[in-house]
Every structure is written in structure tokens, then in C-alpha cells.
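Going by my numbering, the first residue of the sequence shown is number 1268, and it counts up by one from there. A virtual CB, placed ideally from N, CA and C, is assigned to each residue, including glycine. Quick notes on the structure that follows.
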Amino acid sequence: MHIGWLFQSSRLQWAWRAAFLGHNQCGPHGAWRWTHSGGGPYRAVIFDMGGVLIPSPGRLVAEWEEQNHIPSGTILKTFVSGGENGLWMRFMRGEMTVETFLPEFGRLYSETSETCVPVGSFFSLLTSEQVAKPFPVMTEAITQIRAKGLKTAVLSNNFYLSDGQSFLPLDRKQFDVVVESCLEGVCKPDPRIYQLCLERLGLQPSESIFLDDLEENVKAAAGLGMHTIKVHDPEAAVKELETLLGFTLRTVVPNTRPVRNAMEIPKDSLEKYLKDVLGTQTTGPLELLQFDHGQSNPTYYLRLAGRQLVLRKEPPGTLPLSAHTVGREFRIMKALADAGVPVPRVLDLCEDSRIIGTPFYLMEYCPGLVYKDPALPGLEPSQRRAVYTAMNRVLCRIHSVDFQAAGLEDYGKQGEHKAARLSC
């Protein structure tokens, strides 16, 4: 369900289910997976949108309520008012336009709370850039699924925008079928909308896997015979999906690991900086990993909207004057690239410590092999020869750089020592 946050972690959630669905959920909270007893090969994966493919706006709504001095949970109460025939459910079934929904919603809110709510800004929040960011891990999983020949689909409770189009901040080319409640006039967990999706895919329920962040939607799908995953975290959901499918859904970045606790950097300010550097058209959540090597200066792998980057920063704390200077690294890398030496293209040097705590620079990520043992164990003689030849060729190019023409005449000691410093 697109607005899954409306029904999570609240007593109203249970009251809503009892009144609307006519049954109670049982079992522990958490990452439930409802399954059925059938089997057979999987031929399609069906995704909910909000809370699965894109973020659920729960945190933003909580902040919006606080900023507008609205009691926490008030929006939820207004949304569930009226049950199946309430404003929100009618809006999700496409029975109301934005122009009719917003004034009615504002009126209902005013009647129940005796205060006014800026409904225009609230709706803008629901469709804001912070919400309309596909999770990179899910986008990558979809690519891998389709590469294996399986079909993909979106099955979402959704609504119309003011231009008459539905709110679908996804690449439609990634999906064979898209089924939206506002176009079909029926919402999950009604079995008819699941059956409609399966019919358009040309599949039996047991041939599909369905992912949703709401338990009642997951249970309804399982009741039809679909294999299901209850999504509480996209990363964990993809791991569970990998287990069901039997193949990996993530491109592994060699020599990386999750960022160490002591080496974490603020992602919000970094993401804003990256969008300024890469262009305002860049969208999507920032993926951040740490390289195992490059210990003198912490080194990170970044991915944002398909761009793969490397960030090198100075360590935190007080440093010797000439040690760990990323500005020096940036200057040399840029000069070598301009001189024709094959090095990654550097993009920007940021000396503003307010961004991530220390100065850093940014360069493009270049996939390749990292050899830590110079003996190159495990390689055939011809392969070792090719590696050594390539290494020597690049060293020759480095030592052939005219450091004065490259603008490095003031770097380090003069004389023969300088060429050696460039290749360190």
C-alpha cells in the first residue's frame, strides 16, 4: 500500500482492521512471511510501491504535524474515518480527484479536530522528492530479476495527481504489468485486484512472489496461493527474496563493507552536496559503503542515481600539518589525468568541514582488481606477465610527466626525488 505508514504501530491500526477487514491479525509483530503449501517455479515478482520500492512518508508526516502544531496521529485519525467508504479509500479507488479530495479532507479534519490544516502542503509532502526516491537495492533487484527472464509487476493502492496522472515515480519500463487501485476501482486487500494482476501476467498464484509492507495485504495474497514477503526493511526483503529465487539480486562491490560505526559520515548533508556537484536532476537515495583498503585516509564507495563514485576524506581529529592532506592528493590526481596518466577522473575537492566533518575529494569509481600480494598467487604465468607489464607501463608514464608543465613544480623536494614521490 502506498501510504502504509497510516496503519502501522498504532491502536487505530487494529481498530481499522477489525472494522474494515472483519478479522483480527494474530502472531508476533515483525517481519512476517505468509506462505502457502503449494510449490512450483517462480515466474514473476510483484511489488507494492510505497514502503517497498519507494520510502513510506511516515517520518516526514510526523515532522509535518510537529511543524504545523498538529497533535501527533491526527492525520491518521482523519484518514481512517469513514472506513471503506471514507474519503481516503474513495480517493484510492479513483472515485475522487485531488480537487475534490483536498477540500473535503480539510473540512473533515476541521470538524473532527476543530482546527484547520494546510491540506495543500500536506498533499505536496505525500508526493515530495523525499518520498519519490526508489530504493537502489530494489531497483537493482528488479534489474537482476528481469535479466533472469522473470516478469515483474507493481500492485499498488494509489491515487491521481492534479494533472490526471497517477502518482508513479517509477520507471515503467522495469515492469511488465502495473496495476493501480485508482485506475481499477478496487483496493488491496480485495482479492479481485490480486487476481487482476495475475491475469495480466498470465500466471497462476503459485508462480508469483508478492512483496508488501502491510500484513493484511500480504495475508490476502497468501490466501490466494501467492508466495509472499512482508517488507519491514528493503535490504532484508531483498535477502529473503534471494533465498526464494535462488540467485543473487545485488551487484557486489569488491573490497567494500558496511561503514564502520566510528567512520560514519552524515548522509543528508553529503547527499545535498552531491546533488549540487552532479546536477539537480540527480534523484534517488544515497548508497554508502566503506572500502577495506585505503586506511591512511578513509575511503568510501558512493552510488547515487546510477552514478558510482569514490570519496576520500581526511581522518577526524587533530592531524600533523602535512599528513593526510586530501587537497594534495586531489591536485596530483588531476595533474596526472591532464598529463595522460590513466587515473580515475577527480570531480571536486571540498574543504568545507561542515559537510561531513573533514575535507574530502570526489572521484569516479573505476571497477578493477586489487592485488595485495605482489607475487600474484593464483594467476597463470601469462596473467602475471600481463599485470606486471601494465603496471610498468603506467609507472613509465608517471615518470615521464613533466611536473613543471603539470603545475607540480612546488610539490615536494626538487630533483630526482620528485618523480619517485609522484608514483607513491
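Q: Report, in whole angstroms, the separation of the C-beta atoms of residue 1626 and residue 1594, which I expect to be a contact under 8 Å.
A: Along the sequence shown, read from residue 1 onward, the residue named residue 1626 stands at position 359. Along the sequence shown, read from residue 1 onward, the residue named residue 1594 stands at position 327. By a beta-carbon distance limit of 8 Å, residue 1626 contacts residue 1594. Their separation comes to about 7 Å.
Q: Could you tell me whether the Cβ atoms of residue 1631 and residue 1611 are closer together than 8 Å?
A: As a working note, residue 1631 is residue 364 in the sequence shown. As a working note, residue 1611 is residue 344 in the sequence shown. For the pair residue 1631 and residue 1611, the CB atoms are nearer than the 8 Å cut-off.
Q. When the distance is taken between beta carbons, is residue 1540 closer than 8 Å to residue 1622?
A. Here residue 1622 refers to the residue found at position 355 of the sequence shown. Here residue 1540 refers to the residue found at position 273 of the sequence shown. Contact: yes.
Q. From residue 1436 to residue 1399, what distance separates their C-alpha atoms?
A. Stepping through the sequence shown from its first residue, residue 1436 is reached at position 169. Stepping through the sequence shown from its first residue, residue 1399 is reached at position 132. When rounded, the distance between both Cα atoms is 6 Å.
Q | residue 1578 to residue 1558 span [Cα, whole Å] | A | Against the sequence shown, residue 1578 aligns to sequence position 311. Against the sequence shown, residue 1558 aligns to sequence position 291. C-alpha separation (whole angstroms): 10 Å.
Q: Look up residue 1479 in the DSSP assignment and say whether it is helix, strand or coil.
A: Counting from 1 along the sequence shown, the entry for residue 1479 is found at position 212. In the structure shown, residue 1479 adopts extended strand secondary structure according to DSSP, grouped into three states.
**Q.** Element boundaries [alpha helix (DSSP H), containing residue 1539]
**A.** Indexing the sequence shown from 1 puts residue 1539 at position 272. Residues 1534-1545.
Q: Measure how close the beta-carbons of residue 1407 and residue 1517 come, nearest whole angstrom, since I'm counting them as under 8 Å.
A: Locating residue 1407 in the sequence shown gives position 140, counting from the first residue. Locating residue 1517 in the sequence shown gives position 250, counting from the first residue. Here residue 1407 really is in contact with residue 1517; their C-beta atoms are around 6 Å apart, less than 8 Å.
Q) Can you give, in chain order, each stretch of the beta strand (DSSP E) that sits fully within the region 1557-1632 and has at least 3 residues? A) DSSP runs (the beta strand (DSSP E)) wholly in the region 1557-1632: 1566-1571, 1574-1580, 1613-1617 and 1627-1631.
**Q.** Terminal residues of the alpha helix (DSSP H) in which residue 1656 lies
**A.** Within the sequence shown, residue 1656 is the residue found at index 389, counting from 1. Taken as a continuous stretch (DSSP letters only), the alpha helix (DSSP H) holding residue 1656 covers 1648-1666.
(Q) Among 1474, 1500 and 1423, whose alpha-carbon lies nearest the alpha-carbon of residue 1489? (A) In the sequence shown, residue 1489 corresponds to position 222, counting from 1. Closest by C-alpha distance to residue 1489, out of 1474, 1500 and 1423, is 1474.
Q: State buried or exposed for residue 1438, treating a residue as buried only when at least 16 other CB atoms are found within 10 Å of its CB.
A: Taking the sequence shown and counting its residues from 1, the one referred to as residue 1438 is at position 171. By the Cβ-count criterion, residue 1438 is exposed, with fewer than 16 other Cβ atoms from all chains shown falling within 10 Å of its own Cβ.
Q) Which value, in whole angstroms, describes the spacing of the CA atoms of residue 1428 and residue 1327? A) Within the sequence shown, numbered from 1, the residue matching residue 1428 stands at position 161. Within the sequence shown, numbered from 1, the residue matching residue 1327 stands at position 60. For residue 1428 and residue 1327, the distance between alpha carbons rounds to 19 Å.
Q) When the Cα atoms are used, what is the spatial distance from residue 1341 to residue 1581? A) Against the sequence shown, residue 1341 aligns to sequence position 74. Against the sequence shown, residue 1581 aligns to sequence position 314. One C-alpha to the other measures close to 46 Å.
Q. Can you tell me whether residue 1349 is buried or exposed, with buried defined as 16 or more other CB within 10 angstroms of its CB?
A. On the sequence shown, position 82 is the one that residue 1349 refers to. Its Cβ having fewer than 16 others within 10 Å, residue 1349 is exposed.
Q | Of the listed residues 1476, 1372, 1388 and 1383, nearest to residue 1421 (C-alpha basis) | A | For the purposes of this step, residue 1421 is taken as the residue at position 154 of the sequence shown. Here the closest residue by C-alpha is 1476.
Q: Would you decide whether residue 1618 is buried or exposed? Buried here means 16 or more other CB atoms lie within 10 Å of its CB.
A: Mapped onto the sequence shown, residue 1618 falls at position 351. Within a 10 Å sphere around the beta-carbon of residue 1618 sit fewer than 16 other beta-carbons, which makes this residue exposed.
Q | DSSP three-state assignment for residue 1386, whether helix, strand or coil | A | Locating residue 1386 in the sequence shown gives position 119, where the first residue counts as 1. Secondary structure of residue 1386 (DSSP, three-state): helix.
Q) With 16 as the cutoff for other CB atoms within 10 Å, does residue 1501 come out buried or exposed? A) If you number the sequence shown from 1, residue 1501 lands on position 234. Buried, by the Cβ-count rule.
Q. Nearest-angstrom Cα distance between residue 1403 and residue 1419?
A. Stepping through the sequence shown from its first residue, residue 1403 is reached at position 136. Stepping through the sequence shown from its first residue, residue 1419 is reached at position 152. Their backbone Cα atoms lie some 16 Å apart in a straight line.
Q) Rounded to the nearest angstrom, how far is the Cβ of residue 1343 from that of residue 1371, given a contact under 8 Å? A) Looking up residue 1343 in the sequence shown gives position 76. Looking up residue 1371 in the sequence shown gives position 104. That belief does not hold up - the Cβ atoms of residue 1343 and residue 1371 are roughly 17 Å apart, past 8 Å.
**Q.** Other residues of its chain near residue 1321: CB distance less than 8 Å, five sequence neighbours each side excluded
**A.** Within the sequence shown, the letter at position 54 stands for residue 1321. Sequence-distant partners of residue 1321 (beyond 5 residues in either direction) whose C-beta falls short of 8 Å from its own C-beta, in its chain, are 1398, 1399, 1400, 1401, 1402, 1436 and 1437.
Q) How big is the Cα-Cα spacing for residue 1511 and residue 1366? A) Position 244 of the sequence shown, counted from the start, is the residue given in the question as residue 1511. Position 99 of the sequence shown, counted from the start, is the residue given in the question as residue 1366. A direct Cα-to-Cα measurement between residue 1511 and residue 1366 gives close to 43 Å.
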